[in-house]
Each structure stands twice: as structure tokens, then as C-alpha cells.
Amino acid sequence: MAGVAVSTTINGDNVEYLCQPDETLLDVLRDRLGLTGAKEGCGTGDCGACSIILDDRLVCSCLVLGAEAQGRRVETVEGMAHGDKLHPLQQKFLEHAALQCGICTPGFLIAAKDLLARNPDPSEEEIRFGLAGNLCRCTGYDKIVRAVQDAASVMKGA
Amino acid sequence: MEEAVGLLTGSAGTAAILAGGSDLLVRMKGGFTEPDLIVDIKSIDGIGEIRQTAEGFSIGAAVPCAMLGENEALKRAWPGVVEAARLIGSKQVQGRCTIVGNLCNASPAADSVPALVAAGARASIVGPAGRRTIAVEAVPTAPGKTSLAKGEIIDAILLDERPARSADAYLRFIPRTEMDIAVVSAGVSLTLDTAGTITAARVALGAVAPTVLLVEEAARILVGSKADEATLQKLEEACSAASRPIDDKRGTVAFRKQVAGVMARRAATIAYTRAGDR
Amino acid sequence: MGFDPRYLERNFTSVGTRPVRPDGLDKVTGRARYGADFNMAGQLVGAILRSPHAHARIRNIDTSKAEKLAGVKAVVTSADLPDLTDGNAEMYAILDNCMARGKALYDGHAVAAVAAIDARTARKALKLIEIDYEVLPHVTDVDEAMKPTAPVLHETVFTEGVEPTPDKPSNVAKRTQYGHGDIEAGFGQADFIVERSFKTEQTHQGYIEPHACVANANSDGTADLWVCTQGHFVYRQHCAELLGLEVSKLRVTSSEIGGGFGGKTHVWAEPVALALSRKAGRPVKLVMTRDEVFRASGPTSATSIDVKIGARKDGTITAATATLRYSCGPWYGMWAELGAMTSFACYNLENVKTVGYEVLVNRPKVAAYRAPSAPMAAFAVESVIDELAKKLEMDAVEFRIRNAAREGTRSSYGPVYGPIGIGPTLEAAKNHPHMKAPLGKNQGRGMACGFWFNFGGQTCTDINIGPDGSVSLAVGTMDVGGSRASLSMVAAEELGIPYENVKAVVADTSSLGYNDMTDGSRGTFSTSLATISAARNAIQVLRERAAQTWDIPVEDVAWEKGHAVAKGEKYGNLPSLSLKEIAAKAGNTGGPIAGHSELVADGAGVSFATHICDIEVDPQTGATKVLRYTVVQDAGKAVHPTYVEGQYQGGAAQGIGWALNEEYIYGTDGRLQNAGFLDYRIPVCSDLPMIDTQILEIPNPNHPYGVRGVGETSIVPPLAAIANAVSNAAGVRMTHIPMSPPRILAAIKGEQAG
Amino acid sequence: MVQVTLWGSLAATAGGKDKLEIEAKDIRELFRKLAEQYPAFEPFIDRGIAVAIDGVIYRDTWSKELPQDAEIFLLPRLAGG
């Protein structure tokens, strides 16, 4: 198969790359662009570790082809902080110890960012169902839910 | 659209249609399919839109399921179809998956299909021989197989305008609260008269046969009733009896038969309440 | 180092606080590098071909077509990994598991591997490898495997631990027995006896990060390995032994680890990656797919357990026995033995006997999983305890309190206990508001206790003091969940400096002496001992340097709150010297200032927990909902309480998944049917409630601060606690885990049918 | 003199005897004497043994002293997660 030339926007930057037609966007981000924040936990859309935002929609980048990013906007965990200022979710994940091993953290942060963009004042149940596509095996989710609740209240106040 | 049909018709090897990709990419990852040609249909005009037509609704083949939940008119008219579509996978998958993909994947456990069958939805098909429209239940023929001919693409799902006092509901059984494939499922669509008597009903069951089952006996039981306890009991028994499931990693025959009835009863109750409220 | 009672009176400055972890920033920004995030220039992609058969003789492997494919740089089979294990059965099992030798022993067993210029070429090459299999009869069920008619995995296995040794080979690798007293007499005194059989299905640790490594083996016998592991020194040892490398010429660097829970305690594919690299002469990156993780890496045992307990009317247990059959995968393990040791460890028993059978089956090699083997044994025992309490018409907590082990109790596995926490956790549970909360229709409450040993082990730690007085702490135990934070706190505590002045790193194998891996809840216990020792050695040097600066005897210099202080009236005018001031003059007073320590951490102190949970059961579908969950556990001393809570919550969540939905499902063809997160159902966020925790602090007499390991015990009680809750809610005793909806519904229907 | 209990599968190495009295001042001497008296014991030492001295579990550090009349349990080296 011949390579596909793609021009896209990633975390606000214009990016161009060449990828195989059957190559996933996750592989492009990690292997071609060095953006290893998104993780591959399953490759089948069942764990959410590769979550990114594509044109304002939360998706698993393992279920998107690299070629599909043409002309679209991609947001990854690497784009969440502004310079040295962390996003409130990042800050609250640190303060609440909402991570142990941390492999699921980038996916949770992106999914929580999308959740709060759609619903700035979610109930515990809405947070739990909103983040059900992201697996965490270390924390039992307790501290993750609390961190998102706390971040939501900080962001409302901002 | 003509270009896509031409590409698919002309391809010599395996060709795949890419809309949301949430099934296709999983199959590619697992090595179950290695397409020589992937046709991304998302850039076709209008295929990513939900349109309100004179007859009702037209849901484009590339509309991600999350969009169904964002369309207030559709939610009001077909709450069961929307809740079924919104149960497919996670939020992440919702941003990609489509009801046409769910239908063409032809899994007996597909979430949106029983709801679409209960709703009497139709599939609008474009192919080398032109356009045709068929009932959604005629699309899947067996697990993983459809009645579509080479080069044919479903470009939209069509849903009717709803008469007054009509509503639908969809329920599935999964072991977790999210992220699972239905072990059994039921879609029910009802229309009531002003006295609250059911005048029309469609009941469809998922994951209890090679394709989604439209249980006509269940509909007959409901019509003429007010969804009273005795009727619901008969409905439950009829749905359990109609089920022809298999034992597999997700459930047993006995479990599926029994819970199919429970899901149908509960979905009918919800649909009845919804219909009475409008 | 024994517990120092002065710490009870002392106000800790760092220990017991809750600072942000040092590795946190990298982890929330996506910068932290895990196993698959590392790359080397010129690296190849490795891939492994796995057996589709549960049991098959490999007659021939033809790799010639794969080798000829453009872009393929190396193909290896077991011929490239000759047996260098010299009679060491444990290492041979690891070798045989890395690459099948003569026989494929389970669906997913590695049979060959390739390294190619890209993933696509590697996948294509795997398809070109031709293997001539002679498919053999297989057995995957633990009870079936014990039958005399079962297909035998190894003709060389004759049951160990029975006299006389059998003359026929079988799948029962070993029998072990624990206990004391007179069982017959004990049951003779009982007014009530409950006897039941239980089954638990195989589960996986379910770490989100698949095994991953980059290997670079050079022709001069040196090599580098970057890998996600719970013990990089152990991986170094394994790889060096299996590949015939000199230990010190193989440098292993541990990446951040995306979960292990016991599954990353020995090598799986790393020796294969090194063999590929050695053959290809280039670095090789090897990352397992999720399918491979499930099919070919460390699940826990499936079990079949019989328990019998008798008690007098007054609630005293008179005798208890258990027979435990644990599947090991295709090779000998100590899994049933651990079950036999732990099953009755919570209780004070005069007459107790447990027998364990290690059973070989055509499933993947069993690996440790968080308090390995204890949860299944606790499920069986705690279920019978609950049932017996009901028969006695005693409260389930009271019954346990009456029979709980205490200081001086002879444990069911032999030794006599020192001060332990089972009684206090039970008392705390009894007084917890959760116990008194009302329950609704179809809801049930359950509780259960759990025990785990906790380990110490070989540990080596360095403290280096920078010229500006900042401190670097180099440890050799992998940080699996926040130990760099807790160990920095300990270093700060000892040195008397702020936590922020310490930077902890996990050093590679060439930079530090050998360390056992992070397992057995030993990370914070062992390495804090080593850190305290290293810090005290550094303080000794600091005092000497201060003495030199002042030109006074070192005996007159004390270390207080981060400062050297001259003791005695004659030095009344000397201002104290801060660590920073001493460090600044290090060049003039003898060079760099450091503290080292090498030790075997002993006396980890056993650990106990009691869990309470409420479950609602839908009687029409068998669906369950966890309404409320409380963990009470002894931590000895919680160094960083937030991460202690995290361990409690995480273990409970894994136990909930195990109890309700997780299981390996095999077809009659011996193939694993659910090798993915879709159908291997670990709990998702919406499945769980908040998990309440209560930390008890009963000091470990063998640690200066009283620290005990906390990582594992939290997974022991949940299976039993949930089974008791479901049984109470559904009105029928559940004996098969997981309690999936079809099993619960079938049990309810069975009960209704009488 | 210390009282040694060989537990689980270790007892088979001493001809089925699970309780022994041995004169040993530390773990090294204990292991040496056991290996002399019961050669089948040696592979178990190589595999790794946990030694419980009056209730506290230690590894096999040779220099660990055994108090007079101590109760010693020899257990297999444990696996953890």
C-alpha cells in the first residue's frame, strides 16, 4: 500500500505526516510523531487509554485511522497544560492521588476534560458513567471521581 | 456517493466501508480482515446528518451515535432507538460508531438493531443498480452476513413520523453497567388510544437467535391490552418461548431465555408509560 | 532494626503527611515513559508466533520462508534459547514458557519469534512460519486434570510430598500439608459442623499496560534491556541465566510500570527479545498485544476447595480442615501450598489441617497475583464461617471475634504470632456505622477477614547529598504505586529536611546493588528500612564533617532537625551547621557525602483486614449492584496515608471484579474465548461505589516507625465478603466464583425449585 | 538446642519426621547440620527457605542467631504479587 499524506492540527499546531492507509492514529501519534501520552492498553476500544479529542468528539485513537485526521483537529494529553500551568484536572489528579501506576491517567484526563466541557456540573453518577470507557486497575476509581468532582468545582469558580 | 459505489463495485480483492470504524479497525487489529481497499464514506455530502423529512427522520450512515442523543426531535419521537444507539460501547466509541455500521456488522447482539426493528425502521440502499429501501430486519441474514449485494451501501436509516401516544423503549442485559455486549435485549414500540389501550405494538429481541427476532406473538398479546400484569406475564412467557439462544461465553441458554422475557416485560412497561405521557 | 517506641511520642514531620508524589507531574502531562514509550535508533519490531492448540507435540518448525521475506532480520525458536538452567526447575519452567520446547502446552504458548523492519512485515513473517503439530488430548479444568484418566502434561511428573512416591506420572505435581492438633477429636467435640465445596475460576491481574521491552544485545556479550517490570534486578538475573550472559554485563533499566500486581515478577518475552536482538545485531522492540497478555501471561489459579469447620454451641471452633486444589498452568508452582498456609490464618484453632494439591493443566503459566492464592482460600473458609455462625445463631462478627487469632496464637501455618491486627480490625468493623446501616429489599450485607504474610528481602539503597544540600535517593525497588513519594518522606524524616529537598529515582541495575523485586507488599517496608539505614549512615558522615569543620571530636556532634549541633557547655558559642552548610564545604572536608545501605529486610509483619459490603441482587436477572464497601486494615504506620488508602481501594476493586464477573472462559477445544477487555470484564467506573477505608496503626515491632506492607491484603477478603452479601441478599449460598448473573439466577431458581 | 519444625513438603526430606531438635547457634549452622543429616534437604536450601524464629519470619540470612530453646519453623520461600 502506498503512504497517505496527511495535514492536520494537533494541540493547535499544524502537523504533516505520511502514514500507511491501515495505520491507526494512535500508532501515528506514538511512533511517527513521538506523542506517547496516549497509550495502547488494548487496541480494540475497550480500555480508553488512547483517548483523544477529534473535532470536539472524544474517541479512542486506536479506532481512528491516521488518514482520517486529514483537515481535522486533534487534542491529546500533551496539549492540556498551558506552558507550565497545569489544567485544573491535572492539578486535582495530583492532589487527590487519582493515579497509582499512571498508565490510564492520560486517557482519564482527556475523557474527563470532554465530560466537563459537556456537563460542567456532573453528579457522581454522571461522572462514573461518563468515565466508564476508561479502565483503571489500580485505584478502584474512588480518588479519580473525587479529583474530577473537585476540578469541576474549581473550573466553575474560574 | 457514485464514486464510492464505483470503487466498491470495481474492487477485485476485499473491500471495506469505513464510517465509524469501531468494528472494522478491531477486526483489522485482530487479523480477521485485511482489506485491500478501505472506502471512507464520511466525506459524502449529507451522510453525516440527521434530517427531518416529510415522512419522519433520515439518519445518515456516517452519523456517530453520540449525535443521535444530541438531536432533541429524534429523542422525543424515538426515545428507544436513541437509548439503544447510545448504549453501544463507551463515550469514546459513541463518538465514532454508527447505527448503520451496527446493522451491517450483523451481530445478533447489536444494541441498536432490536430497537430499529421494533421501530419499523427501513434501510435506504444505494448500489450499482440504483436505490432501494428495505426493512432493517431484512439486512442481516446470519451472524456477520447481510443481504447487501457487492457495491451496495446503506446511506441512511429511515424512521417514520410518530402518531400521538406512541413511544418505544430498549433494554438490554449486561453483566457490568457499561462496556459490555448485550447478553439479551428487547426493543418495544407501542401506540395507544386515548383510553390507554394498546392499538399497535412491535416487539424485537436481540442475542436470542442468529438474527434479531421480531416476536409477532408478543405484539398480538400486547394489542388490545393496557399492559396490565396478566398481559405482561403472558408477554414475558411468549418472549422466553420465542427465544432460540445458544450457550456461549456471555450467557447460557436458560439464562437468555428467561431474561429475554424479563427485558421485554420491562421495556414494554417503560414504552407504555412513555406513550401515555404524550 | 526494631520498632522504636519513641516514635509513638514523637511528632513526625514528613511521615504521615500527604504530599504530591514526585513522579506525578510527568504522569499527568503524558511525559512519563512506560515500557512501550522507549525507542532506540535502528530498532526492529519483534513479534511472537503462538500455538493455537492447548496441547500439541511440535514435530517440525520450518522458518525458511519467513527468513526469506524482505525486511525480516531474525527468526528464533527454542533452538536459539538452549537450556542453560542446569537442573533448576523454576528457571526451566520460565524458559519453557518463553519458547515451547518440543510441546506446546497451552493456547498461546510461544513457538517462534521474528524481528523485522516494521510491524506489518513481522506479522507477515509469522504467517510464513510452518509448524507441524501433532495435536494431543488436553485438559483445562483443575478437577478433571486430577482424574487418573486425564491426559498427562508431563511424563516426568510424579507427585511430590506423598509416601511412597507414585510410580505413575500425573498432573498432580505436589501435595503439601499444614496444621496441628487432632482433627478427629476436634470434630468430635463439635455441636455443629458445616462442610461445603467451592470453585473459583481463573482471573488475570489485568494491568492496563501490556508487557513491553526494548532489547539490545551486542556481539561482545554486553546487552541493555529497557522494560516494564516489578523487579529489574530479577529480570536481569533471569535473562542472564537463560541467555548465558554475565549478570553485570546486562544492564536493565526499568521503565515506569503500568500495573503489575504480581504479573510482572518474572520474564515472559524479554529473553526472546534479547535472543532476536543478538541474532539480528540490532535493537528489538517487543510489545505484547492485549490478546497475548491474556493468553500467555500470568493468570492466577483456578481452584476447587473443600472446607469443613466444626464449633461448639458457645461459638468456639473445635476443628477446621480444608483441601485445596489449585491449577498451576503447565508447570509446578506453590499456589495450593500458599492457599493451604493462609486459609485459616485469621483464627485461633486448636485442631486444624489443610492439604494442598498443585495441579498441572493446559492453561498459561500461573503467576503471582496480589496475595497469591489467599483470596480463593479465604472465600471458601469465610463462607463456611458465615454459614456456621448462622447455624449457631451468632452474629457473624461476634463469631469471628471469639475465634480470632491474637498474640501468642499458633498460626495454622505453624509459627506463633506476635502482636497482630486481626482482632482490632474486627472490633473496628463491628463498631463501624456501615454495620448498622439499614438494608432494603433484595439487599444483603456480608463481611469477611483476610490475611497475608508480607515480605522483606534483599534491598540496596543510596543517598547522595548534592553540593547545594539537596538529596538524591536511589532505590532499586520498582515504584508501582507511589513509593518514590513515601521513601522520599522517610529520607526527609531521618535527615530532618523538607520532603521537597529529596529527589527519589529508581536506579538501573548497573548503578546499584541487587534488589529483590517489588512483590509481597515489600516495597515501602523494605526500602524504607534501607533508606533509614542509608540516611543514618549519611548522618554519620555529616557529623564527621561538622566535627572536622569545628575541629572537635565527632562524639560531641549530634544531628538534630537537619543540623549538626555541638553538644556540651564548652561549645556553647558554636552555631549549628545545617546540612546545606556542611554539603557546601564537602570538597574541603573529605569529598562527596553519601550514605549507603545493603540489607536483608526481615520481620515484615503479617497483615490482616476486614471488609464489609452491601450488595443488591435483582432476583429476576441475577444482576448485582455493589451499594457500599468498607475496608478496615492494619498498616502498622501509614507513611503516606493517601497511597495506603489507594492500596486498600485498589485491592478491594480487583476483588470485586474477581467475585462478580472476571473469569477465563475456555472452549471444549482448549482455547481461551475471552482474551480481551470486552469479555474479560474488569470493573468499570460505573460498577463501583466510593470505597471507604479505615487505616489502623498497630506498630510492626520490626520497623523503627512500625511500618507494615499494605499492598496485598486488601484483595483477600472481597471474594468472601461479596459471596456472603450475595448469599444473604439472594437467600441461597453461592459456592462458585465469579458470581456472574447466570450463576446467581441459576442458584435462585435452583433454590426455588427446592 | 533449638526445636525445628519442618513444614509442608520439607518433612518428606527428613524421612517424614516433622520435628527435630538440633544444636545450632545460627541459621548457617542449622542448615549445615540439616544437610549433613538429611541430604534430600539440600535442594530445598538452594531453592530458598524462610525461617520463622519464635514467630517472626526471616529469610535465610546465615548469620541470623538462634536464641537458646527457640522455636524454629522452616517454611518454603513465599511468592508474592
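Chains as they are written, first to last, in my numbering: chain A, 2 to 159; chain D, 463 to 740; chain E, 196 to 949; chain U, 318 to 398.
Ideal Cβ placement from N, Cα and C applies to all residues, glycine included.
Going by beta carbons, Ala468(E) and Val479(E) fall inside the 8 Å limit. Among the residues facing chain E, Ile374(U) is included, as its CB has a counterpart in that chain under 8 Å away. Under DSSP, Ser449(E) forms a beta bridge with Val422(E). Rounded to whole angstroms, the separation of the alpha carbons of Ala566(E) and Val911(E) is 7 Å. Going by beta carbons, Ala657(D) and Val685(D) fall outside the 8 Å limit.
Taking C-beta atoms as the reference points, Pro364(E) and His349(E) count as a pair closer than 8 Å. With its beta carbon less than 8 Å from one in chain D, Asp23(A) belongs to the interface. Residue-level contact by beta carbon holds for Asp143(A) and chain E, with a gap shorter than 8 Å.
Sequence-ordered contacts of the region 575-596 of chain D with chain A are nonexistent [C-beta pairs closer than 7 Å]. Looking at the DSSP output, Val462(E) shares a beta bridge with no other residue. When rounded, the separation of the alpha-carbon atoms in Lys336(U) and Leu323(U) is 6 Å. Looking at the backbone, the Cα of Gln889(E) and that of Ala571(D) are separated by about 43 Å. Taking the beta carbon of Thr495(D) as reference, no residue of chain E falls within 7 Å; the closest one sits roughly 13 Å away. Look at the beta carbons and you see the region 539-558 of chain D touching the region 620-638 of chain D: at least three pairs across the two are nearer than 8 Å. When C-alpha distances from Pro343(E) are compared across Thr819(E), Gly356(E), Tyr328(E) and Asp362(E), the shortest belongs to Asp362(E).
Residues of the region 865-877 of chain E that bring their beta carbon within less than 7 Å of a beta carbon in chain D comprise Gln868, Asn869, Leu873, Asp874 and Arg876, in sequence order. Under the three-state reduction of DSSP, Trp754(E) is assigned to strand. Using a Cβ-Cβ cut-off of 8 Å, Lys157(A) does not count as an interface residue toward chain E, since no Cβ of chain E sits closer than that to its own. Going by beta carbons, Ala251(E) and Glu329(E) fall inside the 8 Å limit.
Going by DSSP, His791(E) is part of the beta strand (DSSP E) stretching over Ile788 to Ala796. Separation of Asn856(E) and Arg638(D) (C-alpha to C-alpha, rounded to the nearest whole angstrom) is 8 Å. Within 10 angstroms of the beta-carbon of Thr595(D) lie fewer than 16 other beta-carbons, which makes it exposed. Against chain A, a Cβ distance below 9 Å from Arg485(E) picks out Glu41, Gly42, Cys43, Gly44, Thr45, Asp47 and Cys48. Taking C-beta separations shorter than 6 Å and ignoring five residues to either side along the sequence, the partners of Ala671(D) in its chain run Arg706, following chain order. Bounds of the alpha helix (DSSP H) holding Met571(E) are Ala569 to Leu587.
Judged by beta-carbon spacing, Cys105(A) lies within the 8 Å limit of Cys137(A), meaning their Cβ atoms are closer than that value. Taken through DSSP and simplified to helix, strand or coil, Thr595(D) comes out as strand.
Between the region 252-260 of chain E and the region 291-303 of chain E, the count of C-beta pairs closer than 8 Å reaches three or more; the two stretches touch. Among the residues of chain A, those whose CB is under 8 Å from the CB of Pro526(D) are Arg58, following chain order. The beta carbon of Arg33(A) is closer than 6 Å to those of Tyr18 in its chain, skipping five residues each way along the sequence. Three or more Cβ pairs closer than 8 Å define a contact, and the region 596-603 of chain D meets that threshold against the region 569-584 of chain D.
DSSP places Asn411(E) in the strand class (E or B) of the three-state scheme. Comparing alpha carbon positions, the residue from Ile521(D), Ala648(D), Val715(D) and Val677(D) closest to Leu621(D) is Ile521(D).
Look at Asp419(E): its C-beta is not under 8 Å from any C-beta on chain A.
Taking all protein chains shown into account, Ala632(E) has fewer than 16 neighbouring C-beta atoms within 10 Å of its C-beta and is therefore exposed.
Scanning Asn543(E), Ile660(E), Thr417(E) and Ala261(E) for the CA closest to the CA of Ala317(E) turns up Ala261(E).
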